[in-house]
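Numbering (this note's numbering), first residue to last: 58 to 710.
In structure tokens form, the structure reads like this:
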């Protein structure tokens, strides 16, 4: 088998991965020996003995049970491929990031880099082990006579790496993992400087450091997955030299990411952004020396390869190997997730709880309350507990018990007192507000950083009095909007129109759903436009989160009444089994109205980003249709808020 760096990450996830991949590429059991504890050879023999005719049919049913989750039975389409509208929207930008990174590397090291967009033009390393070929390509590297510098560019930001610190005792000084070398501009690994030091009265050794760096050496953590990626590359490169019997040259490994501290100054040449060092001395990229980290990773990778070898000898599929490595609802969710989780893809599943990870007590009795709360959902699932009902004996919190009751009895949970208390704080007129933004990896306009949520649209429904808000009013006196017509900078025009549309001179409330997003965007506009900040600040100060009406922390209540108590109450004021553990607008809307997003051309915020990204490249007719689709989608978001608030009010009348 040819195993690339990416494929190694798939095959080394768990016991099932090699078996499922074998079925995937062969579209059948092929080399798989066992499924859910049943030996396939034994099954074949038993079926032959019982009835020759039933052999093929019965075995095919068992096989198709898995294959039906991999391929569409009618079209043959690959169901394991999950497209990302966001990746699609920025695919060209990611290519630009790699190009700009290569230029920055040349400038930093004062050496010519070797780089190619075409994978097959890149330098390839490979070696053979246990009948498999492991290989990788170098995107960007510097090659000298006796040395290499290998650079892995990732379109993420430096924030997560700069925030890595070690704290050896509560209240002690945090020690950084990386520190900038102001001469070379490289972020150097400095965690090992603490080794053999006495800190807070404790002598620190290598093991103490590794315990503090748990995030780094967790291949699934937000930080660790990037180090792990470079570490696999290091493994393949160095094993390839060993397999050829060639002395290993000096090789340095670097991770290159976008600098979260970089603020673009707006400079352009020939219409293109120029990302020079800014006035604060910040560059668009940061380069991290990961030599030591990837070296420490090598034992883990060898262990994973050994485990893969053993699994490959007897390919099996089991029900009890689920865990955090499945990456539930993460961008790197396992491509075979639905197959292994099939027993959970039912009504009343454990996955329908609002909190799934640490709301259960141990299967066996534990004295410590702290320990009882450490169990996560996979501890139950791997013991054959798939449903809300079966998990009841292990539930710790009141929330899950209420959610199960709503499912079992097809009822709703409604806390009228809490709903009434919070809804009473929403003052008319109500300005139902929703923003759409374009979080481009590369800053586009002055004052932006990488992945700044650059506003391009808003929708506003104005509810003057209760029920006084009609979506189709011919004179548009209830609905206002802004949508940038192109990819030029229209942020100021948006801010000015927003100020004009939201008149709080006689009071009122700006209502948003998950309002932190709207507040952050307005705060950014305040920093950008000093002459508009007073009016924007009024809008900011009057924002109320509709989501808080449904589930809110104690601080949301004590803000208005310091004596308010939530003792023996769940974290939500309303629950319906059709929410399936989610309080998103799209889950709430069908409960209060027959409105749906399914008939819209743009159905969610990620698709809105994709469509907005297309605008400059469309024909005139395509542009009109897509522009209208964006308007309709954003308008539906705020109209949905109107209807949800009305529905909540009707509940407490």
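Note that the Cβ used here is the ideal one computed from N, Cα and C, for glycine as well.
Check your understanding: Is it buried or exposed for residue 73, if we count other Cβ within 10 angstroms and need 16 for buried?
Key -> Your numbering for residue 73 matches position 16 in the chain shown. Residue 73 comes out buried.
Practice item. Closer than 6 Å by C-beta to residue 168: which residues in its own chain qualify, once you throw out the five before and the five after it? Chain order, please. Key: Residue numbering aside, residue 168 sits at position 111 when the chain shown is read from its first letter. Cβ neighbours of residue 168 beyond the five flanking positions: 199.
**Study point:** Buried versus exposed call for residue 84 [16 or more other C-beta atoms within 10 Å across all chains shown]
**Key:** What you label residue 84 is simply residue 27 of the chain shown in a count that begins at 1. Looking at its Cβ environment, which holds fewer than 16 other Cβ atoms inside 10 Å, residue 84 is exposed.
Practice item. Look up residue 417 in the DSSP assignment and give the residues it is bridged to. Key: Stepping through the chain shown from its first residue, residue 417 is reached at position 360. Partner(s): 432 and 452.
Check your understanding: So residue 568 and residue 489 are in contact, right, with Cβ under 8 Å, and what is the actual spacing, rounded?
Key -> The residue given as residue 568 occupies position 511 in the chain shown. The residue given as residue 489 occupies position 432 in the chain shown. Separation of the CB atoms of residue 568 and residue 489 is rounded to 5 Å, and the pair is thereby assigned contact status at 8 Å.
Exercise for review: Spatial neighbours of residue 665 within its chain, please: CB distance less than 8 Å, with the 5 preceding and 5 following residues excluded, ordered by chain position.
Suggested key: The count along the chain shown starts at 1 and reaches residue 665 at position 608. Taken in chain order, the residues that qualify are 493, 514, 659, 687, 690 and 691.
Check your understanding: Can you give, in chain order, each stretch of the beta strand (DSSP E) that sits fully within the stretch 359-387 and has at least 3 residues?
Key -> Runs found: none.
Practice item. Just the C-alpha distance for residue 491 and residue 694, rounded to the nearest angstrom, thanks. Key: For the purposes of this step, residue 491 is taken as residue 434 along the chain shown, with counting starting at 1. For the purposes of this step, residue 694 is taken as residue 637 along the chain shown, with counting starting at 1. Take the alpha-carbon of residue 491 and the one of residue 694: they are about 7 Å apart.
Practice item. Take the Cβ of residue 519 as the centre, count every other Cβ of all protein chains shown within 10 Å, and call the residue buried at 16 or more, exposed below. Key: Locating residue 519 in the chain shown gives position 462, where the first residue counts as 1. Per the 10 Å Cβ criterion, buried.
**Study point:** Reference residue 222; option with closest CA among 250, 631 and 417
**Key:** Counted from its first residue, the chain shown places residue 222 at position 165. The shortest C-alpha separation from residue 222 is found at 250.
**Study point:** Separation of residue 601 from residue 316, as counted between CA atoms
**Key:** Residue 316 sits at position 259 when you count from the first residue of the chain shown. Residue 601 sits at position 544 when you count from the first residue of the chain shown. Pairing residue 316 with residue 601, the inter-Cα distance amounts to about 33 Å.
Practice item. My understanding is that residue 361 touches residue 69, with C-beta atoms under 8 Å, so please give their C-beta distance in whole angstroms. Key: By one-based count along the chain shown, residue 361 stands at place 304. By one-based count along the chain shown, residue 69 stands at place 12. 4 Å between Cβ atoms; contact.
**Study point:** Own chain residues within Cβ distance below 7 Å of residue 61, not counting five before or after
**Key:** For the purposes of this step, residue 61 is taken as the residue at position 4 of the chain shown. Excluding residues within five positions, the ones whose Cβ falls inside 7 Å are 192 and 193.
Exercise for review: Kindly indicate which three-state DSSP category residue 730 falls into: helix, strand or coil?
Suggested key: Because the chain here runs from 58 to 710, residue 730 falls outside it and cannot be looked at.
Exercise for review: Starting from residue 492, follow its DSSP beta bridges and name the residues at the other end.
Suggested key: The sequence position of residue 492 within the chain shown is 435, counting from 1. Residue 492 is bridged to 515.
Practice item. Would you tell me roughly how many angstroms separate the C-alpha atoms of residue 185 and residue 641, rounded to the nearest one? Key: The residue given as residue 185 occupies position 128 in the chain shown. The residue given as residue 641 occupies position 584 in the chain shown. In a straight line, the C-alpha of residue 185 is about 49 Å away from that of residue 641.
**Study point:** Beta-carbon contacts of residue 631 that lie in its chain and below 6 Å, excluding the five residues immediately before and after
**Key:** The residue given as residue 631 occupies position 574 in the chain shown. Excluding positions up to five away in sequence, the list reads 471 and 607.
Check your understanding: Which value, in whole angstroms, describes the spacing of the CA atoms of residue 397 and residue 409?
Key -> Along the chain shown, read from residue 1 onward, the residue named residue 397 stands at position 340. Along the chain shown, read from residue 1 onward, the residue named residue 409 stands at position 352. Straight-line spacing of the CA atoms in residue 397 and residue 409 works out to 17 Å.
**Study point:** Pair within 8 Å by beta-carbon distance, residue 182 and residue 297
**Key:** Position 125 of the chain shown, counted from the first residue, corresponds to residue 182. Position 240 of the chain shown, counted from the first residue, corresponds to residue 297. Yes. Within cutoff.
Review point. By how many angstroms is the C-alpha of residue 647 removed from the C-alpha of residue 381?
Key: On the chain shown, residue 381 is found 324 positions in, with the first residue counted as 1. On the chain shown, residue 647 is found 590 positions in, with the first residue counted as 1. Looking at the two C-alpha atoms, the distance is approximately 31 Å.
Point to revise | Distance cut-off 7 Å: residue 656 Cβ against heavy atoms of the ligand PLP | key: The ligand PLP is absent from the structure shown, which contains no ligand whatsoever.
Check your understanding: From which residue to which residue does the alpha helix (DSSP H) around residue 283 run?
Key -> Counting from one through the chain shown, the residue named residue 283 turns up at place 226. Here the alpha helix (DSSP H) through residue 283 covers 281-301.
Check your understanding: Anyone know if the C-beta pair for residue 702 and residue 636 falls short of 8 Å?
Key -> Position 645 of the chain shown, counting from 1, holds the residue named residue 702. Position 579 of the chain shown, counting from 1, holds the residue named residue 636. In this structure, residue 636 does not lie closer than 8 Å to residue 702 by Cβ.
Review point. Rounded to a whole number of angstroms, what is the C-alpha to C-alpha distance between residue 480 and residue 159?
Key: As a position in the chain shown, residue 480 is number 423, starting the count at 1. As a position in the chain shown, residue 159 is number 102, starting the count at 1. Roughly 54 Å between the two C-alpha positions.
Review point. Around the C-beta of residue 110, are 16 or more other C-beta atoms found within 10 angstroms, so that it is buried, or is it exposed?
Key: For the purposes of this step, residue 110 is identified with residue 53 of the chain shown, where counting begins at 1. For residue 110, the pLDDT reaches just 41, beneath the cut-off of 50, and the residue's location in the model is therefore unreliable, leaving the point undetermined.
Review point. Which residues bound the alpha helix (DSSP H) around residue 263?
Key: What you label residue 263 is simply residue 206 of the chain shown in a count that begins at 1. First-last of the alpha helix (DSSP H) with residue 263: 263-269.
Point to revise | Within 8 Å, strictly: CB atoms of residue 416 and residue 454 | key: Taking the first residue of the chain shown as position 1, residue 416 is located at position 359. Taking the first residue of the chain shown as position 1, residue 454 is located at position 397. Cβ distance < 8 Å, so residue 416 and residue 454 count as in contact.
Exercise for review: Mind checking which residues open and close the alpha helix (DSSP H) that includes residue 550?
Suggested key: Sequence index remark: in the chain shown, residue 550 carries index 493 (1-based). Boundaries of the alpha helix (DSSP H) around residue 550: 548-558.
Exercise for review: Please confirm if the stretch 430-445 is in contact with the stretch 584-598, defined as three or more CB-CB distances below 8 Å between the two stretches.
Suggested key: Here the stretch 430-445 makes no contact with the stretch 584-598; the two share fewer than three CB pairs at distances below 8 Å.
**Study point:** Top-ranked residue by Cα proximity to residue 450, from 468, 354 and 407
**Key:** Here residue 450 refers to the residue found at position 393 of the chain shown. If we check each option's Cα against that of residue 450, 407 comes out closest.
Point to revise | For residue 72, three-class secondary structure by DSSP | key: Looking up residue 72 in the chain shown gives position 15. Three-state result, residue 72: coil.
Review point. Which runs of the beta strand (DSSP E) fall wholly inside the stretch 208-279 and span at least 3 residues, in chain order?
Key: 235-237 and 243-246
Check your understanding: In three-state terms, what does DSSP make of residue 309?
Key -> Here residue 309 is taken as the residue at index 252 of the chain shown, counted from 1. Reduced to three states, the DSSP call for residue 309 is strand.
Review point. Closest to residue 546 by CA distance: which of 330, 180, 436 and 210 is it?
Key: By one-based count along the chain shown, residue 546 stands at place 489. The candidate whose alpha carbon is nearest that of residue 546 is 330.
**Study point:** Identity of the residue in 274, 418 and 149 nearest residue 354 by Cα
**Key:** Taking the chain shown and counting its residues from 1, the one referred to as residue 354 is at position 297. When only C-alpha atoms are compared, the closest one is 274.
Practice item. Give a yes or no on whether the C-beta atoms belonging to residue 174 and residue 314 are separated by under 8 Å. Key: Your numbering for residue 174 matches position 117 in the chain shown. Your numbering for residue 314 matches position 257 in the chain shown. Result no, Cβ atoms of residue 174 and residue 314 do not sit closer than 8 Å.
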